[in-house]
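First up is the structure itself, then whatever we jot down about it.
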Amino acid sequence: MDNDDFSKRFSPGFCLIPREDGIPRAIIPQNSPGSYIEEARTLAASGGRFLGLWAAGDPEPRICTAFLLREGLIVLVLPLNLPEDPQTFPSLSSFLPAADRFERTVRDLFGFVPEGLEDSRPWISQGLWTVPPLASPPGTCIPETPTPDLQEYPFVRVLGPGVHEIPVGPVHAGIIEPGHFRFQVVGEKVLRLEERLGYTHKGVDGLFRGREIAAGARLAARVSGDSTVACSLAFAQAVEQALDFSPAAGVRFMRALLLERERVANHLGDLGALGNDAGLGFGLSQFTRLKEDLLRRNRIHFGARYLFDVIVPGGVRANLDDKAILDLLEENRLLAAEVGDLQKIYDDHGGLQDRFQNTGVLLPEVARRLGAGGVVGRGSAQAWDLRADHGGDPYRRFPPALALAHEGDVAARVRIRFLEIQESLALCRALLEHLPEHSIAEPLPDNPETAEGLGIVEGVRGEVLAWVRLAPGGVIRAAHIQDPSALLWPALEVVVPGNLVADFPLINKSFNLSYSGHDL
Amino acid sequence: MWKLLVKIFRTGRLTEKSSRPVTQPHTPGFGRSLAIRHVDAGSCNGCELELLALENPYYALSSDGAKFVASPRHADLLIVTGPVTKAMKDPLTKTLEATPEPRRVLAVGDCACDGGVFRDSYAVCNGVSPVIPVDHQVPGCPPPPDEIRRAILRAFALPRQAQK
Numbered sequence: 001m002d003n004d005d006f007s008k009r010f011s012p013g014f015c016l017i018p019r020e021d022g023i024p025r026a027i028i029p030q031n032s033p034g035s036y037i038e039e040a041r042t043l044a045a046s047g048g049r050f051l052g053l054w055a056a057g058d059p060e061p062r063i064c065t066a067f068l069l070r071e072g073l074i075v076l077v078l079p080l081n082l083p084e085d086p087q088t089f090p091s092l093s094s095f096l097p098a099a100d101r102f103e104r105t106v107r108d109l110f111g112f113v114p115e116g117l118e119d120s121r122p123w124i125s126q127g128l129w130t131v132p133p134l135a136s137p138p139g140t141c142i143p144e145t146p147t148p149d150l151q152e153y154p155f156v157r158v159l160g161p162g163v164h165e166i167p168v169g170p171v172h173a174g175i176i177e178p179g180h181f182r183f184q185v186v187g188e189k190v191l192r193l194e195e196r197l198g199y200t201h202k203g204v205d206g207l208f209r210g211r212e213i214a215a216g217a218r219l220a221a222r223v224s225g226d227s228t229v230a231c232s233l234a235f236a237q238a239v240e241q242a243l244d245f246s247p248a249a250g251v252r253f254m255r256a257l258l259l260e261r262e263r264v265a266n267h268l269g270d271l272g273a274l275g276n277d278a279g280l281g282f283g284l285s286q287f288t289r290l291k292e293d294l295l296r297r298n299r300i301h302f303g304a305r306y307l308f309d310v311i312v313p314g315g316v317r318a319n320l321d322d323k324a325i326l327d328l329l330e331e332n333r334l335l336a337a338e339v340g341d342l343q344k345i346y347d348d349h350g351g352l353q354d355r356f357q358n359t360g361v362l363l364p365e366v367a368r369r370l371g372a373g374g375v376v377g378r379g380s381a382q383a384w385d386l387r388a389d390h391g392g393d394p395y396r397r398f399p400p401a402l403a404l405a406h407e408g409d410v411a412a413r414v415r416i417r418f419l420e421i422q423e424s425l426a427l428c429r430a431l432l433e434h435l436p437e438h439s440i441a442e443p444l445p446d447n448p449e450t451a452e453g454l455g456i457v458e459g460v461r462g463e464v465l466a467w468v469r470l471a472p473g474g475v476i477r478a479a480h481i482q483d484p485s486a487l488l489w490p491a492l493e494v495v496v497p498g499n500l501v502a503d504f505p506l507i508n509k510s511f512n513l514s515y516s517g518h519d520l
Numbered sequence: 521m522w523k524l525l526v527k528i529f530r531t532g533r534l535t536e537k538s539s540r541p542v543t544q545p546h547t548p549g550f551g552r553s554l555a556i557r558h559v560d561a562g563s564c565n566g567c568e569l570e571l572l573a574l575e576n577p578y579y580a581l582s583s584d585g586a587k588f589v590a591s592p593r594h595a596d597l598l599i600v601t602g603p604v605t606k607a608m609k610d611p612l613t614k615t616l617e618a619t620p621e622p623r624r625v626l627a628v629g630d631c632a633c634d635g636g637v638f639r640d641s642y643a644v645c646n647g648v649s650p651v652i653p654v655d656h657q658v659p660g661c662p663p664p665p666d667e668i669r670r671a672i673l674r675a676f677a678l679p680r681q682a683q684k
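The listed protein sequences derive, respectively, from chains R and G.
The working numbering puts the first residue of the first sequence at 1, with every later residue one more than the last.
The working numbering puts the first residue of the second sequence at 521, with every later residue one more than the last.
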């Protein structure tokens with residue numbers, strides 16, 4: 001389907017306008033619940049991947065639903081202005097199973113009722129508030145439940161001889177984020193896994209309301225710390241689209257460089273931890289040393305180990321001189337060689353491969369149905385990578401190859417990470433060699449009217465999406481960051497049954513999902 | 521196998537020396553061994569990355585006698601990160617109760633100190649000290665590993681806090 005056909009299907013005046021800084025993206029307002037569900041159905045049927053659903057509250061209640069197509073990103077916006085209370089919206093879960101948790105979250109936080117959603121259980125809310133906390137205007141005091149009963153969540157139980165239950169968390173036995181897992185097991189074999197998240201819910205969407213753009217960017221950078229570059233960049237893109245501002249080529253290059261450095265750092269950490277979880281402590285030592293070297297260089301050249309707040313709306317807060325570029329090129333060469341050595345060791349290690357192969361298999365068909373993207377999706381034959389597919393600048397000039405595997409097991413996800421490190425390093429090399437002169441950060445234009453924008457980038461785990469609605473004068477009226485973890489957590493539930501309890505940490509690590517990015 | 525051994529040999533020893541303060545005689549302290557339990561009370565996972573970095577070959581926290589343990593019942597020191605979300609208030613309190621005396625509490629990161637960027641949200645308690653008593657704080661977003669290490673090493677000899 002070409003772009004013309006595509007635009008014709010949509011209501012008047014709509015087209016996907018290409019943008020230099022990334023993929024084409026458009027917000028399509030819907031005037032009735034009927035048209036909303038019809039458009040969603042059409043998008044899902046024509047190969048669109050559901051990326052998330054969120055809401056905005058007072059004073060402009062609305063539901064936003066994102067779909068990623070090969071042509072670009074589309075967000076359907078359904079304003080809620082029914083005379084009755086509570087507000088309702090049609091549930092998409094009958095044809096999009098992935099929408100379930102998103103719609104439950106909206107019900108928990110905003111009190112908008114998804115009509116037709118079968119699952120009546122809460123999701124993010126732990127029963128801590130007597131009213132939906134985001135339903136009231138910003139600054140309102142939210143009354144708390146005097147004695148919340150956190151144990152009440154109705155997990156699905158498996159009954160039968162020999163079946164028992166293992167509850168894990170929210171406090172986990174390691175340096176990990178909090179969340180609860182409920183395993184139903186027979187002997188060593190997992191029959192069912194159910195997740196209970198929401199423990200790290202910090203009310204991010206509520207905190208965005210009424211903030212200045214700069215303060216909003218600081219918050220966006222802390223949605224999920226390990227993806228701070230991706231979140232900052234998506235947020236910056238959204239603000240820049242709303243203000244109709246285009247960053248210079250030099251800024252785009254620097255941002256791409258930072259995004260790839262974040263990817264490499266995370267993949268190094270994950271590969272080390274995966275080796276360790278399968279009993280190879282050598283892998284942990286080696287990969288964490290390489291990661292530490294990279295972080296220290298980040299500190300020297302960009303001023304922050306994890307690159308927090310380096311990307312801001314309007315530009316970047318770092319500059320590289322010739323000496324720095326030479327240093328980073330040398331680092332790049334050494335790192336590529338080291339990772340190559342370690343990949344050979346991992347590949348040849350029988351014990352390691354025995355644990356990796358056929359463990360935690362996510363079948364391609366299941367991955368497709370759940371809309372899994374990122375490393376997990378690509379490990380299960382889902383060929384989506386914004387950098388390779390859409391090629392906004394500078395990816396258009398140095399297109400990275402798509403890493404793809406079909407087995408869907410831990411070994412496949414390990415292989416994807418190795419491939420992506422090498423591909424990212426090659427891309428970094430090209431960016432460094434062709435880095436244009438750039439100014440650091442330019443002042444953003446003012447917006448006389450309310451403006452809305454979208455941003456989307458290929459982060460470490462997959463597509464990180466940002467939506468922002470600005471009131472005149474650069475104040476955020478509402479904003480939302482969507483981490484891909486929210487789409488991938490259900491995939492983990494599907495993958496674990498049939499495996500041994502002892503393989504759960506390994507499978508979990510091969511997904512390495514963010515709790516904070518999910519709970520917001 | 522030989523590739524692995526060659527790699528180890530070529531990498532050599534990377535651990536950087538640290539200076540553990542010597543425990544003064546007659547002050548209550550933890551001698552030469554400190555067991556740490558980490559509780560994430562709703563952080564963005566940035567502080568966790570730096571806590572994990574403490575175990576890499578450069579910092580090698582275990583060479584100073586401190587190590588992360590899997591249960592609060594084995595712990596001398598609780599390291600708490602995050603602004604303490606309302607949902608983690610109860611699990612955090614229970615973790616403290618499960619930690620035997622003598623024990624210390626270290627709040628790591630801006631969020632754990634005062635709520636940081638999430639301060640005054642309806643969903644957070646604005647840091648650890650409104651929920652459980654804190655002995656020492658390490659500000660930073662996230663604080664670099666050497667600062668966290670310094671605070672941990674100080675905890676070896678940290679005087680007991682006044683009972684509240």
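The beta carbon of each residue, even a glycine, is placed where N, CA and C say it ideally should be.
Predicted model only: the values in this text are computed from it and were never measured.
Contact between the stretch 413-426 of chain R and the stretch 312-320 of chain R (3+ Cβ pairs under 8 Å)
no
query = Can you round the beta-carbon distance between G408 (chain R) and G374 (chain R) to whole angstroms, since I take them to be within the 8 Å contact cut?
reply = Taking the first residue of the first sequence as position 1, residue 408 (chain R) is located at position 408. Taking the first residue of the first sequence as position 1, residue 374 (chain R) is located at position 374. Not quite, the Cβ-Cβ distance comes to about 13 Å (not below 8 Å), so this is no contact.
**Request:** Please list the partners that H558 (chain G) has in chain R, where partner means a Cβ-to-Cβ separation under 7 Å.
**Result:** One-based indexing of the second sequence puts residue 558 (chain G) at position 38. Simply I175.
Between the CA atoms of R101 (chain R) and L520 (chain R) - distance to the nearest angstrom
Counting from one through the first sequence, the residue named residue 520 (chain R) turns up at place 520. Counting from one through the first sequence, the residue named residue 101 (chain R) turns up at place 101. Their Cα atoms are separated by approximately 13 Å.
### Query
In terms of alpha-carbon separation, which member of R:A173, R:R211, R:G160 and R:R196 lies closest to G187 (chain R)?
Numbered from its first residue, the first sequence carries residue 187 (chain R) at position 187. Checking every option, the nearest Cα to that of G187 (chain R) belongs to R:G160.
May I ask you to report which of helix, strand or coil DSSP gives G455 (chain R)?
In the first sequence, the residue the question calls residue 455 (chain R) occupies position 455. It is a strand residue.
ask   = Of all Cβ atoms in chain R, is any one closer than 7 Å to the Cβ of C645 (chain G)?
value = On the second sequence, residue 645 (chain G) is found 125 positions in, with the first residue counted as 1. Chain R, which has no Cβ nearer than 7 Å to the Cβ of C645 (chain G), makes this no.
Item to complete: List the DSSP bridge partners of T601 (chain G).
Response: For the purposes of this step, residue 601 (chain G) is identified with residue 81 of the second sequence, where counting begins at 1. Per DSSP, G:D560 and G:V628.
Any contact between the stretch 168-179 of chain R and the stretch 555-562 of chain G? By contact I mean 3 or more CB pairs, one from each, below 8 Å.
yes
| query | Quick one: what's G169 (chain R) bridged to in DSSP? | reply | The residue you call residue 169 (chain R) lines up with position 169 of the first sequence. According to DSSP, G169 (chain R) bridges with nothing at all.
How is the beta strand (DSSP E) around H480 (chain R) delimited, first residue to last? Mapped onto the first sequence, residue 480 (chain R) falls at position 480. Note, H480 (chain R): beta strand (DSSP E), V475 to Q482.
> Going along chain G in order, which residues have a C-beta closer than 7 Å to the C-beta of H201 (chain R)?
Replying inline: The count along the first sequence starts at 1 and reaches residue 201 (chain R) at position 201. The contacting residues are T605, A607 and A643.
- Message: Rounding to the nearest angstrom, what Cα-Cα distance links Q681 (chain G) and Y579 (chain G) in this structure?
- Response: Working through the second sequence from its first residue, we reach residue 681 (chain G) at position 161. Working through the second sequence from its first residue, we reach residue 579 (chain G) at position 59. With a pLDDT of 49 at Q681 (chain G), under the threshold of 50, the modelled position of this residue cannot be trusted; read the value that follows with caution. Each residue's alpha carbon lies about 28 Å from the other.
Per-residue contacts from K587 (chain G) into chain R (C-beta, under 7 Å) = Against the second sequence, residue 587 (chain G) aligns to sequence position 67. What K587 (chain G) touches in chain R: nothing, since even the nearest Cβ is about 12 Å away.
Check: Leaving out the 5 sequence neighbours to the left and right, which residues in its chain are closer than 8 Å to T615 (chain G) when beta-carbon positions are compared?
Finding: As a position in the second sequence, residue 615 (chain G) is number 95, starting the count at 1. Correct list, in chain order: R557, V559, P592 and L598.
Q) Looking at the structure shown, is A430 (chain R) part of a helix, part of a strand, or coil, going by DSSP? A) For this step, residue 430 (chain R) is matched to residue 430 along the first sequence. Residue state, collapsed to three classes: helix.
Could you give the residue range of the beta strand (DSSP E) that holds L673 (chain G)? Within the second sequence, the letter at position 153 stands for residue 673 (chain G). First-last for L673 (chain G): P665 to A675, but that is the alpha helix (DSSP H), not the beta strand (DSSP E).
Query - Burial state of S553 (chain G) (16 or more Cβ within 10 Å) - result: As a first step, residue 553 (chain G) must be located in the second sequence, where it is residue number 33. When all chains shown are included, S553 (chain G) counts as exposed.
- Query: Are S224 (chain R) and G517 (chain R) closer than 7 Å when you measure CB to CB?
  - Reply: In the first sequence, the residue the question calls residue 224 (chain R) occupies position 224. In the first sequence, the residue the question calls residue 517 (chain R) occupies position 517. Against a cut-off of 7 Å, the Cβ pair of G517 (chain R) and S224 (chain R) comes out as a contact.
> Are there 16 or more other CB atoms within 10 angstroms of the CB of L404 (chain R), so buried, or fewer, so exposed?
Replying inline: Here residue 404 (chain R) corresponds to residue number 404 of the first sequence, with the count starting at 1. Flag for L404 (chain R) reads buried.
Residue environment, W522 (chain G), which counts as buried when at least 16 other CB atoms sit within 10 Å:
As a position in the second sequence, residue 522 (chain G) is number 2, starting the count at 1. Result: exposed.
> How many Å lie between L513 (chain R) and Y642 (chain G) at the Cα?
Replying inline: The residue labelled residue 513 (chain R) in the question sits at position 513 within the first sequence. The residue labelled residue 642 (chain G) in the question sits at position 122 within the second sequence. L513 (chain R) and Y642 (chain G): Cα-Cα distance of roughly 25 Å.
Please state if the CB of E423 (chain R) and the CB of G400 (chain R) are separated by a distance shorter than 7 Å.
Taking the first sequence and counting its residues from 1, the one referred to as residue 400 (chain R) is at position 400. Taking the first sequence and counting its residues from 1, the one referred to as residue 423 (chain R) is at position 423. Position check: residue 400 (chain R) holds Pro in this sequence, whereas Gly was assumed. Yes, the pair counts as a contact, with Cβ atoms nearer than the cut-off.
* Asked: Are three or more beta carbon pairs between the stretch 295-302 of chain R and the stretch 453-471 of chain R nearer than 8 Å?
  -> no
- Any beta-carbon of chain R closer than 7 Å to the one on W522 (chain G)? Here residue 522 (chain G) refers to the residue found at position 2 when the second sequence is read from its first residue. No, W522 (chain G) does not count as interfacial toward chain R.
- Task: Can you give me the Cβ contacts of A304 (chain R) inside the same chain, cut-off strictly under 8 Å, excluding the 5 residues immediately before and after it?
- Result: Locating residue 304 (chain R) in the first sequence gives position 304, counting from the first residue. Same-chain partners within the cutoff: N298 and V310.
With a threshold of 6 Å on Cβ separation, who are the neighbours of D58 (chain R) within its own chain once the five nearest residues in sequence on each side are excluded?
Position 58 of the first sequence, counting from 1, holds the residue named residue 58 (chain R). Excluding sequence neighbours, D58 (chain R) sits near P137.
Legend entry - Test: G635 (chain G) CB closer than 7 Å to a CB of chain R: Residue mapping note: residue 635 (chain G) aligns to position 115 of the second sequence, counting from 1. No, G635 (chain G) does not count as interfacial toward chain R.
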